[in-house]
Structure formats: C-alpha cells, structure tokens
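K.L.:
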Amino acid sequence: MVRKPYLKKGAWTADEDQKLTAYIMRYGIWNWNQMPRFAGLQRSGKSCRLRWMNYLRPNIRRGNFTREEEDTIIHLQKQLGNRWSAIAARLPNRTDNDIKNYWNTRLKKRSVILGNNNSASATTSPSSNTDSSTLLNIPTTDEFPPAGYTTFSTSGSNNTGEVNENYTTDNFVSSETYWEILCFLEQPLMGESFDCESNLQLWRSHSQDYYYDPVDDFWANPLV
DNA sequence: AAACTTCACAACCGCATCCAC
DNA sequence: AGTGGATGCGGTTGTGAAGTT
1 MVRKPYLKKG AWTADEDQKL TAYIMRYGIW NWNQMPRFAG LQRSGKSCRL
51 RWMNYLRPNI RRGNFTREEE DTIIHLQKQL GNRWSAIAAR LPNRTDNDIK
101 NYWNTRLKKR SVILGNNNSA SATTSPSSNT DSSTLLNIPT TDEFPPAGYT
151 TFSTSGSNNT GEVNENYTTD NFVSSETYWE ILCFLEQPLM GESFDCESNL
201 QLWRSHSQDY YYDPVDDFWA NPLV
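In the UniProt record's numbering, the protein residues as written are 1 to 224.
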C-alpha cells in the first residue's frame with residue numbers, strides 16, 4: 001500500500017510563495033497536480049492553483065475597490081447572480097475570490113439597502129436607474145481629481161456648479177465613507193432627535209481618509 | 001489591560017464541468 | 001456513451017487584526 005504524501009494546509013509562507021512563483025516563471029503552468037512535487041512544495045495542486053490565481057499571479061489588483069468597481073459589481077451581481085468568475089471577467093485584474101469576499105463583507109448589505117430604496121422609489125419613478133452612482137452626487141477620493149469637478153458644500157448652500165480651481169482631497173471622501181453617508185441619508189429623518197451637527201462631523205471626520213496602497217505599485221512593476 | 005466582538009480576507013471543501021481516452 | 005483525471009467555481013470556514021466594552 002502506498003502512503004499518500006503529507007500535504008501541508010493553511011497559510012502559505014514566503015518561502016512557498018517564492019518556490020511556486022519561481023517554478024511557474026521558469027516552466028509555466030502545465031499540470032497543477034504534478035507541479036507541486038517538481039517545485040518542491042508539499043501542497044495539493046488545488047492549493048497551488050488557488051494561491052497562484054488569487055495572490056501570486058502578476059498584475060492582480062487587491063483591495064481599494066473604486067466606486068466604479070463597486071457599482072459594476074453591484075450591477076453585475078443583480079444581473080448575473082453570484083457568478084463571481086463572470087463578474088471578475090468584467091473587472092480587469094480582479095480575482096473572483098476577491099470580488100466574492102468584498103461582496104460578502106461589504107457590498108451585500110449596501111445592495112440590500114439600495115434594493116429597498118430603489119423598489120420604494122420605483123413607485124414614483126418607474127424608469128429609475130439602479131446604478132447607485134446616480135443616486136447621490138458626492139465626490140469620492142477614488143475619482144480624485146475628477147473631470148469637470150463641481151463644488152460640493154457640506155453646508156448645502158454653495159453647490160454652484162462652477163469649476164473650483166482650489167479643490168483638494170479635503171473635499172472628497174473614500175468610497176467606504178460615501179456609502180456610510182449614502183446609507184445615512186437614506187434613513188428617515190427622526191424629528192426632534194435628529195442631530196445635524198454630529199452627522200456633519202461624520203462627514204468632516206472622514207474627509208481626509210485617502211490612502212495609497214504600495215501593493216498596487218509593486219504589481220505595476222512585477223519582479224523588479 | 002484584558003476580555004470580548006466584529007471585520008476582512010486567505011484558504012479549504014465539495015460539487016460541477018470539461019476533456020481525453 | 002462511459003469513465004476518470006484535471007480544472008474551475010461558489011459556499012463556507014478559520015484566523016488574525018482592529019475595534020469596543
């Protein structure tokens with residue numbers, strides 16, 4: 001009787017990543033089940049494939065989904081259901097696993113809220129667009145600097161439509177915050193207890209959470 | 001400071017599909 | 001047409017980090 005070789009499970013080490021990447025760079029992908037043995041890895045072919053496809057493969061974009069990408073995911077999920085690979089095919093350099101995770105942890109809840117909102121508004125506006133980007137004209141840092149930026153004032157008194165020459169990221173919120181604000185604005189007003197000032201603080205406190213992901217830069221120049 | 005909870009994401013598992021024989 | 005191996009897909013789980021009490 002032949003004993004099955006021990007197959008490691010769990011998180012990948014940097015050494016394993018390096019071995020798999022080096023092997024594929026040199027010999028390419030020919031047979032996932034055989035490759036681990038030749039690459040000196042005690043992993044199943046399935047595990048290697050997953051690691052490569054979702055993490056090691058060059059040009060993968062990870063994290064920092066833009067609002068456009070979020071909109072696309074929500075729209076396609078409505079259209080196609082949970083066909084993550086089909087959705088990933090429409091989002092360049094995104095993996096199905098990443099999209100699935102992002103949906104399950106963040107977008108699902110929002111989609112429910114939007115779905116409710118849209119179904120409610122559908123009674124008054126049958127032709128309402130399901131694209132969430134049209135629901136609220138709040139600029140986000142994902143689209144900074146925007147084309148033809150028009151001023152947006154949290155005081156609500158200065159939405160002039162004129163081009164603002166002095167815009168900075170201070171005028172923008174992250175896509176995450178955009179959704180927080182959107183969800184907040186979709187809640188009914190609560191009479192006397194409605195606290196305008198504290199919610200204005202929410203808006204202001206998030207106005208500088210723009211950040212940069214060095215991982216994107218790394219994959220822009222893979223293996224340099 | 002410690003305990004507890006929530007969140008985000010990497011990875012696993014089982015099933016479906018494809019394809020060569 | 002049937003079979004078995006390889007691959008792909010989507011649901012789910014495990015775990016570390018971050019946040020809260």
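Ideal placement from N, C-alpha and C gives every residue a C-beta, glycine not left out.
If you draw a straight line from the alpha carbon of residue 20 to that of residue 94, how long is it in whole angstroms?
P.N.:
20 Å
K.L.:
What are the boundary residues of the alpha helix (DSSP H) that residue 84 is part of?
P.N.:
Note, residue 84: alpha helix (DSSP H), 84-89.
K.L.:
Secondary structure at residue 106, three-state DSSP: helix, strand or coil?
P.N.:
helix
K.L.:
Could you pull the start and end residues of the alpha helix (DSSP H) that residue 40 belongs to?
P.N.:
No alpha helix (DSSP H) holds residue 40; DSSP gives it neither H nor E.
K.L.:
Starting from residue 23, follow the alpha helix (DSSP H) in both directions and report where the run begins and ends.
P.N.:
14-27
K.L.:
To the nearest angstrom, how far is the alpha carbon of residue 72 from that of residue 23?
P.N.:
35 Å
K.L.:
Can you say whether residue 41 is buried or exposed, counting buried as having 16 or more other CB atoms within 10 angstroms of its CB?
P.N.:
buried
K.L.:
In this structure, does DSSP put residue 33 in helix, strand or coil?
P.N.:
coil
K.L.:
May I have the straight-line CA-CA distance separating residue 104 from residue 35, to the nearest angstrom?
P.N.:
Going by the C-alpha atoms only, they are around 32 Å apart.
K.L.:
Spell out a yes or no on whether the region 46-53 and the region 75-85 are touching, meaning 3 or more CB-CB pairs, one atom from each, closer than 8 Å.
P.N.:
no
K.L.:
Taking DSSP as the reference, what is the three-state secondary structure of residue 64?
P.N.:
coil
K.L.:
Looking only at its chain, what residues have a beta carbon closer than 8 Å to the beta carbon of residue 91, apart from the 5 residues adjacent to it on each side?
P.N.:
69, 72, 73, 99
K.L.:
Can you list, in chain order, the residues of its chain whose CB lies under 6 Å from that of residue 29, leaving out five sequence neighbours each side?
P.N.:
Excluding residues within five positions, none has a Cβ falling inside 6 Å.
K.L.:
If you count every other CB in all the chains shown that lies within 10 Å of the CB of residue 65, and 16 or more means buried, which is it?
P.N.:
Buried: at least 16 other Cβ atoms inside 10 Å.
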